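Before any comments, here is the structure.
The structure is reproduced here in structure tokens:
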């Protein structure tokens, strides 16, 4: 039991915070829906509930992924967070479908607009609270994301630069950031739909908002599924490969890199390097050189272990990869 608590302390705090906030918001929105029968509020309730469930799974998965390697699993449990996210996203997919169908139903058969000002204030008040809390979680997740990407994170940068550096963040942090972006937009969208319906009489506005929120939730389902499917299969990190190649080739005794790949295992990175050196170097010197380079690589963000080997220089240049190759690899990864 003690070991479990130790592991839980290592889990993603962004996921835990987001889960607590979303459970609270789901309860508030559910109560408001029961009082007002507002369709946009129903969509928001489902969205918050889906986010909360998803983030609980992500927190647990990110905690268990920190478990130390065993004899049976020598590479550790890093990919466990990806498997847990894949399971959780099925639940979010079901909730997304229900939200979408509910919205379509109320577009076809809209309910009469409730003229009660009290009901209007309840809906707007709950959604305003939701928007503020979700914005707070979004800011915290954006700040954590930029820290992991080794970027400046002061001022409003967590809300402006995070999208640009999202691929450098840990899976759990990235998921929280995406979900809270959609959650914040969804709350604002629901407020707009309620006001349109109340003051113009266009009753379908709430159904349209529900459909849009459902579609945004489906985008999260797609994004999270593809990201974590790649993680389960084992994806490389081209940007870190480029950085590590610069560290290796910085030494004059390294003539070329024959092979270099960086494999993601959850939050951790595993590095494999085969470098070419001059044949006149002694064994003792190459061992010292290897230890020195491995120590520098291990200082890089998220790198868990390094395996470096040497081969005699064959006279053929294999590295560096051209920038076009690296850009193509990055684009293929983003499309996947």
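Numbering (the numbering used here), first residue to last: 1172 to 1507.
Each residue gets a CB set at the ideal place from its N, CA and C atoms; glycine is no exception.
None of the values given here were measured: they were computed from a predicted structure.
Alpha carbon to alpha carbon, how far is residue 1210 from residue 1193? 19 Å
Would you check if the distance between the CB atom of residue 1391 and the CB atom of residue 1349 is smaller than 8 Å? Contact: yes.
DSSP state of residue 1236 mapped onto helix, strand, coil: Shown here, residue 1236 sits in coil according to DSSP, grouped into three states, outside any helix or strand.
In chain order, what residues of the same chain have a beta carbon less than 7 Å from the beta carbon of residue 1416, not counting five sequence neighbours either side? In its chain, beyond the 5 residues on either side, 1428, 1431, 1490 and 1491 have a beta carbon closer than 7 Å to the beta carbon of residue 1416.
Buried/exposed call for residue 1446, threshold 16 Cβ in 10 Å: It is buried - the Cβ of residue 1446 has at least 16 other Cβ atoms within 10 Å.
With a threshold of 16 other CB atoms inside 10 Å of the CB of residue 1502, please say whether the residue is buried or exposed. Any reading at residue 1502 needs caution, since the residue's pLDDT is 49, under 50, leaving its predicted position unreliable; the model's value is listed next. Its Cβ having fewer than 16 others within 10 Å, residue 1502 is exposed.
Reducing DSSP to helix, strand and coil, say where residue 1306 ends up. helix
Have a look at 1356, 1371 and 1474 and flag the residue whose alpha-carbon is nearest the alpha-carbon of residue 1411. 1474
Pop quiz: residue 1344 and residue 1315 are said to be a contact at Cβ under 8 Å. What is the actual Cβ separation, rounded to whole angstroms? 5 Å
Proximity of residue 1377 and residue 1276 at Cβ, strictly below 8 Å: Residue 1377 is not a Cβ neighbour of residue 1276, given a cutoff of 8 Å.
Which same chain residues end up closer than 8 Å to residue 1199 when comparing Cβ atoms and leaving out the 5 residues on each side of it in sequence? Cβ-Cβ distances below 8 Å link residue 1199 to 1297, 1300 and 1301 in the same chain, with the five nearest sequence neighbours on each side left out; the list follows chain order.
Pull up the distance between the alpha-carbon of residue 1191 and that of residue 1334, whole angstroms please. If you take the alpha carbons of residue 1191 and residue 1334, they lie about 24 Å apart.
For residue 1428, the residue or residues it bridges with in DSSP: 1446
When burial is assigned at 16 or more other CB atoms within 10 Å of the CB, is residue 1260 buried or exposed? With 16 or more Cβ atoms within 10 Å of its Cβ, residue 1260 is classed as buried.
Let me know the alpha helix (DSSP H) ranges lying completely inside the region 1333 to 1417, each 4 residues or longer, listed in chain order. 1342 to 1371 and 1375 to 1404
For residue 1188, is the classification buried or exposed, using 16 other Cβ atoms within 10 angstroms of its Cβ as the cut-off for buried? buried
Neighbour-count burial assignment, residue 1303, 16 or more Cβ in a 10 Å radius: exposed
Test item: CB-CB of residue 1353 and residue 1387 under 8 Å: yes
Using the three-state DSSP reduction, which class does residue 1439 fall into: helix, strand or coil? In the structure shown, residue 1439 sits in a strand (DSSP, three-state: E or B).
7 Å Cβ shell around residue 1507 - same chain, five flanking residues per side excluded: Reliability of the predicted coordinates at residue 1507 is poor, the pLDDT of 40 falling under 50, and the value obtained from them is presented with this limitation in mind. The answer, listed in chain order, is 1397 and 1401.
Got a sec? Which residues, its chain only, sit under 8 Å from residue 1448 by beta carbon, not counting five neighbours each side? 1424, 1425, 1426, 1457, 1460, 1481, 1482, 1483 and 1484
Determine whether the beta carbon atoms of residue 1235 and residue 1220 lie at a separation below 8 Å. no
Taking 8 Å as the threshold (C-beta atoms), are residue 1294 and residue 1365 in contact? yes
Taking C-beta to C-beta, are residue 1472 and residue 1321 nearer than 8 Å? yes
Element boundaries [beta strand (DSSP E), containing residue 1284]: Per DSSP, residue 1284 belongs to no beta strand (DSSP E) and is neither H nor E.
According to DSSP, which residues form a beta bridge with residue 1476? 1441
Nearest to residue 1311 (by Cα), restricted to the options 1451, 1462, 1184 and 1488: Comparing alpha-carbon positions, the option among 1451, 1462, 1184 and 1488 lying closest to residue 1311 turns out to be 1184.
Thinking C-beta only, is residue 1405 closer than 8 Å to residue 1440? no
Restricting to Cα atoms, I'd like to know which of 1355, 1280 and 1328 is closest to residue 1307. 1355
If you reduce the DSSP assignment to three classes, tell me which class residue 1244 lands in. coil
Could you give the first and the last residue of the continuous alpha helix (DSSP H) run that contains residue 1329? First-last of the alpha helix (DSSP H) with residue 1329: 1328 to 1331.
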